[in-house]
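*Asks:*
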Amino acid sequence: MARSREHEYDVSVRWTGNAGAGTAGYRGYGRQNEVVAPGKTVTIPGSADPAFVGTPDRWNPEELLVASLSQCHMLSYLALCSLQRIVVTAYEDDAHGAMRETPGGGGRFTEVVLRPVVTVAEEGMVAKATELHTRAHEICFVASSVNFPVRNEPTVRVAGANTETSANTETDAGA
Numbered sequence: 003m004a005r006s007r008e009h010e011y012d013v014s015v016r017w018t019g020n021a022g023a024g025t026a027g028y029r030g031y032g033r034q035n036e037v038v039a040p041g042k043t044v045t046i047p048g049s050a051d052p053a054f055v056g057t058p059d060r061w062n063p064e065e066l067l068v069a070s071l072s073q074c075h076m077l078s079y080l081a082l083c084s085l086q087r088i089v090v091t092a093y094e095d096d097a098h099g100a101m102r103e104t105p106g107g108g109g110r111f112t113e114v115v116l117r118p119v120v121t122v123a124e125e126g127m128v129a130k131a132t133e134l135h136t137r138a139h140e141i142c143f144v145a146s147s148v149n150f151p152v153r154n155e156p157t158v159r160v161a162g163a164n165t166e167t168s169a170n171t172e173t174d175a176g177a
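By our numbering, the letter at position 103 of the sequence shown is numbered 105, and the numbering carries on one by one without gaps.
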């Protein structure tokens, strides 16, 4: 019988956008913030999306959510490939998230599409490498925690070859 384990994550977000008058006016304060965590040497500079009066050169929460889904899928996928003796030599993902605003100032993500491009060492690894994207999605902690679809559109290439295989995997993470 597998033992259930729990993990906890502590992150601090510190607002740094007080321009002197606090939040006295909607456009009078900055959305700048810093994301820090115990033991981390790098601070993530954050802000709101520029559509919401944010700073465009800082990370916004929506981008961080899409990045979290992409990273989680990649790390789950690489672990599975390693265990199945599929040699991945490169991995890139141009992920895309879509969010819709709702009346009253709210909103929600409607989907995230992951587009990993994976390079494997040998032609004989392509089919299994493509198949493992479905399992990676199933075991990704972040994808299992969201209430909107997360789709995968993987491409698998062979190192040194001009061939590739694409597969669209509709993976619904809860919606």
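Positions of the beta carbon are idealized from the N, C-alpha and C atoms, including for glycine.
Starting from Ser14, trace the beta strand (DSSP E) both ways and give me its first and last residue.
*Replies:* Counting along the chain, the beta strand (DSSP E) containing Ser14 begins and ends at Ser14 to Trp17.
*Asks:* So what's Ile88 in DSSP terms, helix, strand or just coil?
*Replies:* Three-state result, Ile88: coil.
*Asks:* With C-beta atoms as the reference, is Val158 less than 8 Å away from Val120?
*Replies:* In contact: Val158 and Val120 (Cβ atoms closer than 8 Å).
*Asks:* Give me the Cα-Cα distance between Gly183 and Ile46, rounded to the nearest whole angstrom.
*Replies:* This structure cannot settle anything about residue 183, because the visible part of the chain is limited to 3 through 177.
*Asks:* Quick check: Arg60 and Gln34, are their CB atoms within less than 8 Å of each other?
*Replies:* Cβ distance < 8 Å, so Arg60 and Gln34 count as in contact.
*Asks:* Check this for me: beta carbons of Leu116 and His75, under 8 Å apart or not?
*Replies:* Yes.
*Asks:* Can you find at least 3 beta carbon pairs, one from the stretch 78-96 and one from the stretch 129-147, that sit closer than 8 Å?
*Replies:* The stretch 78-96 is in contact with the stretch 129-147.
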